[in-house]
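Protein chains: 4
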Amino acid sequence: MPTRLIECLAASEPLSEVFSDASVLQAMLDFEAALARAEAACGVIPQQAATAITRLATHDGFPLDELTQQALRAGTPAIPLVRLLTARVRAEAPEAAGFVHWGATSQDVADTALVLLLRQCRPILAHDHERLLAALSKLSTEHAGTVMLGRTLLQPAPPVTFGLKCASWHAAARRSWKRVESGFSEASCVQLGGAAGTLASLGDRGIDVGEALAAELGLRYPDAPWHTHRDRLAALLAALSIYTASLAKMALDIALLMQFEAAEAAEPGGSGRGGSSTMPHKRNPTACMLAIAAAKRTPGLLSNFLNGMLQEHERAVGGWQAEWPSVEGIVKATGLALECMVEVAEGLTVDPARMRANLEATSGAIFAERAMMTLAASIGREQAHQAVEEALRQTGSPPGPRDPEGYLGSAEAFRKRLLQGED
Amino acid sequence: MPTRLIECLAASEPLSEVFSDASVLQAMLDFEAALARAEAACGVIPQQAATAITRLATHDGFPLDELTQQALRAGTPAIPLVRLLTARVRAEAPEAAGFVHWGATSQDVADTALVLLLRQCRPILAHDHERLLAALSKLSTEHAGTVMLGRTLLQPAPPVTFGLKCASWHAAARRSWKRVESGFSEASCVQLGGAAGTLASLGDRGIDVGEALAAELGLRYPDAPWHTHRDRLAALLAALSIYTASLAKMALDIALLMQFEAAEAAEPGGSGRGGSSTMPHKRNPTACMLAIAAAKRTPGLLSNFLNGMLQEHERAVGGWQAEWPSVEGIVKATGLALECMVEVAEGLTVDPARMRANLEATSGAIFAERAMMTLAASIGREQAHQAVEEALRQTGSPPGPRDPEGYLGSAEAFRKRLLQGED
Amino acid sequence: MPTRLIECLAASEPLSEVFSDASVLQAMLDFEAALARAEAACGVIPQQAATAITRLATHDGFPLDELTQQALRAGTPAIPLVRLLTARVRAEAPEAAGFVHWGATSQDVADTALVLLLRQCRPILAHDHERLLAALSKLSTEHAGTVMLGRTLLQPAPPVTFGLKCASWHAAARRSWKRVESGFSEASCVQLGGAAGTLASLGDRGIDVGEALAAELGLRYPDAPWHTHRDRLAALLAALSIYTASLAKMALDIALLMQFEAAEAAEPGGSGRGGSSTMPHKRNPTACMLAIAAAKRTPGLLSNFLNGMLQEHERAVGGWQAEWPSVEGIVKATGLALECMVEVAEGLTVDPARMRANLEATSGAIFAERAMMTLAASIGREQAHQAVEEALRQTGSPPGPRDPEGYLGSAEAFRKRLLQGED
Amino acid sequence: MPTRLIECLAASEPLSEVFSDASVLQAMLDFEAALARAEAACGVIPQQAATAITRLATHDGFPLDELTQQALRAGTPAIPLVRLLTARVRAEAPEAAGFVHWGATSQDVADTALVLLLRQCRPILAHDHERLLAALSKLSTEHAGTVMLGRTLLQPAPPVTFGLKCASWHAAARRSWKRVESGFSEASCVQLGGAAGTLASLGDRGIDVGEALAAELGLRYPDAPWHTHRDRLAALLAALSIYTASLAKMALDIALLMQFEAAEAAEPGGSGRGGSSTMPHKRNPTACMLAIAAAKRTPGLLSNFLNGMLQEHERAVGGWQAEWPSVEGIVKATGLALECMVEVAEGLTVDPARMRANLEATSGAIFAERAMMTLAASIGREQAHQAVEEALRQTGSPPGPRDPEGYLGSAEAFRKRLLQGED
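Chains as they are written, first to last, in this note's numbering: chain A, 1 to 423; chain B, 1 to 423; chain C, 1 to 423; chain D, 1 to 423.
Here you go:
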């Protein structure tokens, strides 16, 4: 199933697949099947019922349209899901029909399905993350000695190296991913609480069933149901949003370097990339643009999720039901930004000569700090500041040497520390 | 095409239809066809070309999947759209193929298509808005004399009437819609600027073509292209978000009145509405819940749109490309909240007897203000406050009369003013 | 009272003054005094009481610290305000003390005070808005013929004029202000509802007192109290946020033009402006930066306000009490962005020669569209696109003329339309 | 220095103190003094200079107003700070004046000061967090057997215990704090990069000075400067926002339980708490309200911060400068919510009799699930659902036993697991 046209700039294919109707439906059915097996294993329902439910809980031929239409009226997709699955089971194994969804509540299905979908996103993101780290590490090493203008407030500053810049992006990605990993681990827990979160209808077998269910699905079994405590999900979504923002910082830097007037780096053109319908000459920062766009969609979605966290008693009236599109939007944004920046990092064109030329074009003004600090050693920082300012006004350039390599301070040491990581 | 499962609680059917692939595609094709006709009318391209383009610019059989897949790489759906439409035209009317998209840029198609889609939403929303006003006006009139507890900080306060409450919801809806209408009017303008917003490739015929295009599409022709000035769209989206919040305030009030412990009003049950998969006895505030959920999804989407408004020069690198899902999300939320609250208002069960019983159950404590003000006339406001507080502590109720009808102040006058409107 | 250090980059002096303790306190006292006079005029309280209350309702010597400390525990500043004002009146005019705050509720004071503060902001903003329009209009006229690169996705595009750019900023400011004005008008209404919004304790005199109060304060008298209907305030805040975003779009454009590599325009240096503590050579886009920062603080504040609009029954438990800092933050951000962009627009340095040089440095690549469209007239749009792309690859520049003045299309016509306005 | 009136409901005293002018100023001065000492220790500047700078870097008598006024024009408080501190040093120790701020840039001061302020917040929050855990643990244990209505979508559901509810709040607070702690640890690193983040003016002593500076201030020394990589701060702010939301969920539950119609629990009255200016009888959920209000202010502030993370190259033009008020707002909100909920948890009145009465008032309808599950074991889940629904329609209550203690499932097991924690 392709991405919808209205979000064609907002989702990569693999994550669109994860949140496709078939995939969401199957995740819900997987819960029902695993629940039946767990309950059979615990002796709560007959083994044959579990076998029949498992066999029939597949999205093939499931009346999806009926499900979606009834979901809105029911206020949850789980109610029509259970009804339609029960009907299907009854048709083939009547004695099993009564055991569908045994002891569970709507939110148990919906939440566990969401967790299962998120788990599918993890390796997709992880794969691109690893590629990104590798590409940035390579770029950083190659350009350890490539000097370029530092730029502060979009104005020339003392030199940096492109290798240092890449290492900073690398470290931000690595830190961000570590938080995402921790968020996934925390959030990957099954939901099973029944009507009021006590699993009352399972008597004293509630926790046994819950643990068996978690094992069936390969999820963690939490301390207790979390119907109205959404902090674990929130932590994952925050980590994803922060990662997306870090990727967009890198994208913005590169889009700025790609400006015709700077022309120090360029994302790869590739097939179908970055053209213009009217301007045959253009090489647009399309991938960077998509990553920036992704980061402009996440903060508000995260804020919506946080606002939804004020959930009433044992099940919310609105806060919970608002979540799915926000979760989907954030994960998709992260996935798209990652996919784009992998492409950029792996295919980036860097122009060291132009970097040096732009640096030299500043006529040494960027060495004003250096001149000032040299002077300051004898006449003090403030007077030196004024003296150099005066010299700049009169001659356009400060006194003193102008070799960027000689004024890099700890750039290389920082670069190595960034690549190596803090932990 | 049904709503996607992942957003099954976030969209009503008619608005899902508007933003379906076929509909979005057709809006883009409508732009291309109308542009060709406008240019033919201005003598810019041959009339036959316009006729051929118009005939072939239909979504039937258009290779939608190809379009969507290429859009992401191109960074815009417009580039593959133009390519695919040109190929289609070439196959049937080769001489017309060269005139597809003549003089326009990608953003011209995308923005005008968005405006056309929004125009389709307007009557859908307007229809539900009118029904809502009618239902609330009726409720307000019926319950002009139905006394009930006022509630402040969720604690009992002096009495109000249910008619006044309905009139407040009515007035908020009416004010909100007025802003929405004004937003639609402002935003309903065509986009046509060409590569850099000057229509350079149309020579001195740019404005003529633009006006003809606007006339073809029934849109307004603005002062100039607005590629990176998104304030008109922002104003519409803000108005929609504010309306959604007003609807959710009404929904929250009703969900609170529906609590078992209050039981003063209830939204209609209806078919498939508000059940529970585990609890046969439940009558849930499902429609109110969906309206509340809608209002929890809009504020962040609006904030995303506003953040995207910092758009660079003549075309943004990210800010613009982030917009579509936010626009879609906000309009759908408003539409769903409206649809839900129409159902609620038209079918609301009100229990005046329970309202009075709850009021009386406070043992007159809510008349403390009245007692205080009566006392205050002789001994001053502050002493009176203390005296009444003391009486309450000792006897649990204040001195003085306790007829709610006698302590309604300007409730009825306010109710009439609210229904009548300010302008 | 100076701005606090922690928000020293977030507030201009005049608006800091409006939201200073003395000013906020006085606004609340003004309500109490005007209420007393209105009630005296309606015969509800003695005239002498009104006179005494009016005389003593001044912030001079008012125990502000005590007020602020008690506000948090009371959950509203109004309760300690009334208590402290009553004590003050009792000390000087004991017989009047009992009539302080007669018939009003805490939210009446707080909301009306907020509206009074907002009214003080209006002329401050209006003054800067008028200066901005004048400066931009002048710049636009002066530079009607100043050609420069169009830039899309931060890449070169066909030429525009700087005059057109200024006119676009001008029109966005004018449209934005129109919405702000309308927001101020809507929101400038008095709040007077008493305990439950019915003015019960004023018997049948509620509306008379309300109208007299509105007249005393120069505010509009609305249809009814609006304790939990905040849409009018929301509309004003949305309009302010949209204006701020429009200002930041202009600021971003100029910061980009100020880049050393572009150097086409520069905001004025002025005293204390834009230096660097380490780099004597720097001329930073400081004013633009502050405007951009302002626009990065508003969207979330607006979203917070909208989330707070789901207010329970007759007085909210949290939503209302969250409002003040958001309102303050948004208005201050708009005021600061306006003040900064006035300074920028009035003192902007423009370098037409550099603009032309940057344009020419593209070797005519930006005329690719023109070449394509010329070719397209004979061989069709698509083939022409490919032919020009090929020529660019081989020679670095497209065939055909390269005079920017000859390829401006409707730039000048659009410029005039933008300056003139739509209405 | 008291809290400002405009934010009197948005900040507790201790955190207002942390962000007071004197405190912010001192944090910046502490950086300058520690930098001088670190540089002296590394032999970069004379020891006497460090001694003099340290002695004079105190906020006493520092011209704060001048500083704040100049900060806005300079675009940073650091430039006037350095100028004013240098003047002060020159007056007393002329030979030291030249060494103030040696090698550092404005953002080094500002960022490190922010980190120092955040460090001051940590123990304040930690203290309240510990009290909250203790109070909730106590409540949970006391009410392990206190049965009450479960409530889903604000409607009656099968019984829970109040002890389970408290344990859920407890676990959410504990998980949330763990993330906050981790955020503080990550974010507590010094900033020292000089003009372009390379510490060029310190030659090869940059990292030595940085490590010495970190040691002086008791902060962590990170891998490299982080001027435009704000993910660590973002992670802390996200964790604080999530904690605030968890506290507000608890506050909302209690405010709902405090409704007159439910009356199952009440926050403590205490001095000055929760009164009404008009209604002597009221006992408002004031502390809960303030916590809810806090959670309505944080999500947008976090979203603003995330939007600001797209920072250009080596120093941002706007994104960074927007941060301080957002950081302050979030920390203060968390601090206030914590302070309020500590007060609530330590003084909560619980009414087990009313809890049971409300439960019994449902006439057993909440045992419908139980009846259904019992029936289902013989006739299947779906038929049972219909049978019980039918019985409810006819008799108003389901068949079967109605002892809440007998239908608590795993409530007690979950309660113990929640109190004990997962790790």
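Don't be surprised by glycine CBs; every beta carbon is placed ideally from N, CA and C.
Task: Where valine 147 of chain C sits in the DSSP three-state scheme - done: Taking the first residue of the third sequence as position 1, residue 147 of chain C is located at position 147. Reduced to three states, the DSSP call for valine 147 of chain C is strand.
Open item on the list: Using the Cβ count rule (16 or more neighbours within 10 Å means buried), how would you classify isoleucine 379 of chain A?
Closed with: Translated into positions along the first sequence, residue 379 of chain A becomes position 379. Burial call: exposed.
TODO: State yes or no: is the C-beta of alanine 294 of chain A within less than 9 Å of the C-beta of arginine 283 of chain A?
DONE: As a working note, residue 294 of chain A is residue 294 in the first sequence. As a working note, residue 283 of chain A is residue 283 in the first sequence. No; because the gap between Cβ atoms is not below 9 Å, this pair is not in contact.
- [ ] Output, in chain order, the set of chain D residues within a Cβ distance shorter than 7 Å of phenylalanine 260 of chain B.
- [x] Start at 1 with the first residue of the second sequence, and residue 260 of chain B comes out as number 260. Under the 7 Å cutoff, chain D gives Gln155, Pro156, Thr362.
- [ ] Kindly list the residues whose CB is nearer than 7 Å to the CB of alanine 144 of chain C, restricted to its own chain and excluding five residues on each side of it in sequence; keep chain order.
- [x] The count along the third sequence starts at 1 and reaches residue 144 of chain C at position 144. Once the five neighbours on either side are set aside, the close Cβ partners of alanine 144 of chain C are Thr161, Gly163, Glu412, Arg415.
- [ ] Out of B:Ser201, B:Val89, B:Ala74, B:Leu237, point me to the one whose CA is closest to lysine 102 of chain B's CA.
- [x] Looking up residue 102 of chain B in the second sequence gives position 102. Residue 102 of chain B is actually tryptophan in this sequence, not lysine. Selected option, being the one with the closest Cα: B:Ser201.
- [ ] For proline 94 of chain C, count neighbouring Cβ atoms within 10 angstroms of its own Cβ and tell me buried if that reaches 16, exposed if not.
- [x] Residue mapping note: residue 94 of chain C aligns to position 94 of the third sequence, counting from 1. It counts as exposed.
Open item on the list: On the CB-based measure, 16 or more other CB atoms within 10 Å of its CB, does arginine 55 of chain B come out buried or exposed?
Closed with: By 1-based counting over the second sequence, the position of residue 55 of chain B is 55. Burial call: exposed.
Open item on the list: Helix, strand or coil, according to DSSP, for cysteine 189 of chain A in the structure here?
Closed with: Position 189 of the first sequence, counted from the start, is the residue given in the question as residue 189 of chain A. The answer is strand: DSSP assigns cysteine 189 of chain A an E or B state.
Open item on the list: Taking its Cβ as the centre, do 16 or more other Cβ atoms sit within 10 Å of proline 299 of chain D, making it buried, or is it exposed?
Closed with: For this step, residue 299 of chain D is matched to residue 299 along the fourth sequence. That one is buried.
TODO: Enumerate in chain order the residues of its own chain whose CB-to-CB distance from tyrosine 243 of chain D is below 7 Å, with the five nearest sequence positions on each side excluded.
DONE: Working through the fourth sequence from its first residue, we reach residue 243 of chain D at position 243. The residues are Ser176, Trp177, Val180, Thr334.
Open item on the list: Going by beta-carbon coordinates alone, are proline 426 of chain B and threonine 228 of chain C separated by less than 9 Å?
Closed with: Absent from the structure is residue 426 of chain B, since the part of chain B shown begins at 1 and ends at 423.
Task: Simplified DSSP assignment, three categories, for proline 63 of chain A - done: The residue you call residue 63 of chain A lines up with position 63 of the first sequence. Note: proline 63 of chain A maps to coil in three-state DSSP.
Task: Limits of the unbroken alpha helix (DSSP H) element including proline 94 of chain D - done: Translated into the one-based positions of the fourth sequence, residue 94 of chain D becomes position 94. Element bounds for proline 94 of chain D: 94-97.
- [ ] Note down, in chain order, every chain C residue with its Cβ under 8 Å from the Cβ of glutamine 120 of chain D.
- [x] For the purposes of this step, residue 120 of chain D is taken as the residue at position 120 of the fourth sequence. Neighbours of glutamine 120 of chain D on chain C: none; closest Cβ ~13 Å, over 8 Å.
- [ ] Locate the beta strand (DSSP E) running through valine 160 of chain B, then write down its first and last residues.
- [x] The residue given as residue 160 of chain B occupies position 160 in the second sequence. Here the beta strand (DSSP E) through valine 160 of chain B covers 155-161.
- [ ] Reducing DSSP to helix, strand and coil, say where threonine 198 of chain A ends up.
- [x] For the purposes of this step, residue 198 of chain A is taken as residue 198 along the first sequence, with counting starting at 1. Threonine 198 of chain A: coil per DSSP, three-state reduction.
TODO: Verify the CB distance criterion: does alanine 33 of chain C have a CB-CB separation below 9 Å to chain D?
DONE: Residue mapping note: residue 33 of chain C aligns to position 33 of the third sequence, counting from 1. So, not an interface residue.
Open item on the list: Is there a C-beta anywhere in chain D that falls below 9 Å from the one on glutamate 39 of chain A?
Closed with: As a first step, residue 39 of chain A is located in the first sequence; it is residue number 39 there, counting from the start. Glutamate 39 of chain A does not count as touching chain D.
TODO: For the stretch 283-307 of chain C, list the alpha helix (DSSP H) runs that are entirely contained and at least 4 residues long, ordered along the chain.
DONE: 286-307
Task: Neighbourhood of threonine 112 of chain D by C-beta, 6 Å cutoff - its chain only, sequence neighbours within 5 removed - done: Looking up residue 112 of chain D in the fourth sequence gives position 112. Only Phe31, Val190, Gln191 meet the Cβ criterion.
Open item on the list: Give me the residue from B:Thr105, B:Arg83, B:Val147, B:Met148 with the minimum Cα distance to alanine 97 of chain B.
Closed with: Here residue 97 of chain B corresponds to residue number 97 of the second sequence, with the count starting at 1. It is B:Arg83 whose Cα lies nearest to the Cα of alanine 97 of chain B.
Open item on the list: Quick check on the DSSP output: what are the complete alpha helix (DSSP H) runs of length 4 or more inside the stretch 76-117 of chain C, in order along the chain?
Closed with: 78-92, 94-97
Open item on the list: On the DSSP bridge list, what partners appear for alanine 265 of chain B?
Closed with: The residue labelled residue 265 of chain B in the question sits at position 265 within the second sequence. Partner(s): B:Val350.
Open item on the list: Taking the alpha carbon of glutamine 331 of chain B as the reference point, which residue from B:Glu264, B:Ile366, B:Ala239, B:Met250 has its own alpha carbon closest?
Closed with: Here the question's residue 331 of chain B lines up with position 331 in the second sequence. Looking at the sequence shown, residue 331 of chain B is not glutamine but valine. That would be B:Ala239, whose Cα lies nearest to the Cα of valine 331 of chain B.
Task: Three-state class that DSSP yields for threonine 58 of chain A in the structure shown - done: Position 58 of the first sequence, counted from the start, is the residue given in the question as residue 58 of chain A. DSSP places threonine 58 of chain A in coil when its eight states are reduced to three.
- [ ] Reducing DSSP to helix, strand and coil, say where arginine 220 of chain A ends up.
- [x] In the first sequence, counting from the first residue as 1, residue 220 of chain A sits at position 220. Note: arginine 220 of chain A maps to strand in three-state DSSP.
TODO: Go through its chain and collect everything with a Cβ distance to arginine 174 of chain A's Cβ below 7 Å, but skip five positions before and after it.
DONE: As a first step, residue 174 of chain A is located in the first sequence; it is residue number 174 there, counting from the start. Answer for arginine 174 of chain A: Leu133, Gly421, listed in chain order.
TODO: Provide the residue(s) that pair with arginine 315 of chain A in DSSP beta bridges, ordered along the chain.
DONE: Working through the first sequence from its first residue, we reach residue 315 of chain A at position 315. Bridge partners of arginine 315 of chain A: D:Thr152.
Open item on the list: Rounded to the nearest angstrom, what separates proline 80 of chain B and leucine 9 of chain A at their Cα positions?
Closed with: Indexing the second sequence from 1 puts residue 80 of chain B at position 80. Indexing the first sequence from 1 puts residue 9 of chain A at position 9. Rounded to whole angstroms, proline 80 of chain B to leucine 9 of chain A spans 13 Å at the Cα level.
Task: Own chain, CB closer than 8 Å to phenylalanine 99 of chain C, minus 5 neighbours either side, in chain order - done: Within the third sequence, numbered from 1, the residue matching residue 99 of chain C stands at position 99. If we look at phenylalanine 99 of chain C and ignore the five residues flanking it on each side, its Cβ neighbours are Ala36, Glu39, Ile45, Pro46, Ala49, Ala50, Ile53.
- [ ] Out of C:Leu116, C:Arg297, C:Thr152, C:Thr374, state which residue places its alpha-carbon closest to the alpha-carbon of glutamine 107 of chain B.
- [x] Locating residue 107 of chain B in the second sequence gives position 107, where the first residue counts as 1. Of C:Leu116, C:Arg297, C:Thr152, C:Thr374, the residue nearest in Cα terms is C:Thr152.
- [ ] Consult DSSP for phenylalanine 260 of chain D and reduce its assignment to one of helix, strand or coil.
- [x] Here residue 260 of chain D refers to the residue found at position 260 of the fourth sequence. Three-state DSSP puts phenylalanine 260 of chain D in coil, outside helix and strand.
- [ ] Would you mind stating whether leucine 336 of chain D and lysine 249 of chain A have Cβ atoms separated by less than 9 Å?
- [x] For the purposes of this step, residue 336 of chain D is identified with residue 336 of the fourth sequence, where counting begins at 1. For the purposes of this step, residue 249 of chain A is identified with residue 249 of the first sequence, where counting begins at 1. For leucine 336 of chain D and lysine 249 of chain A, no; Cβs fall outside 9 Å.
Open item on the list: Judging by CA-CA distance, which residue of A:Ser326, A:Leu236, A:His385 is the nearest neighbour of alanine 368 of chain A?
Closed with: What you label residue 368 of chain A is simply residue 368 of the first sequence in a count that begins at 1. Among A:Ser326, A:Leu236, A:His385, the Cα nearest to that of alanine 368 of chain A belongs to A:His385.
- [ ] Could you round the C-beta distance between alanine 110 of chain A and proline 77 of chain A to whole angstroms and report it? I think they count as a contact, below 8 Å.
- [x] One-based indexing of the first sequence puts residue 110 of chain A at position 110. One-based indexing of the first sequence puts residue 77 of chain A at position 77. Right, their Cβ atoms sit about 7 Å apart.
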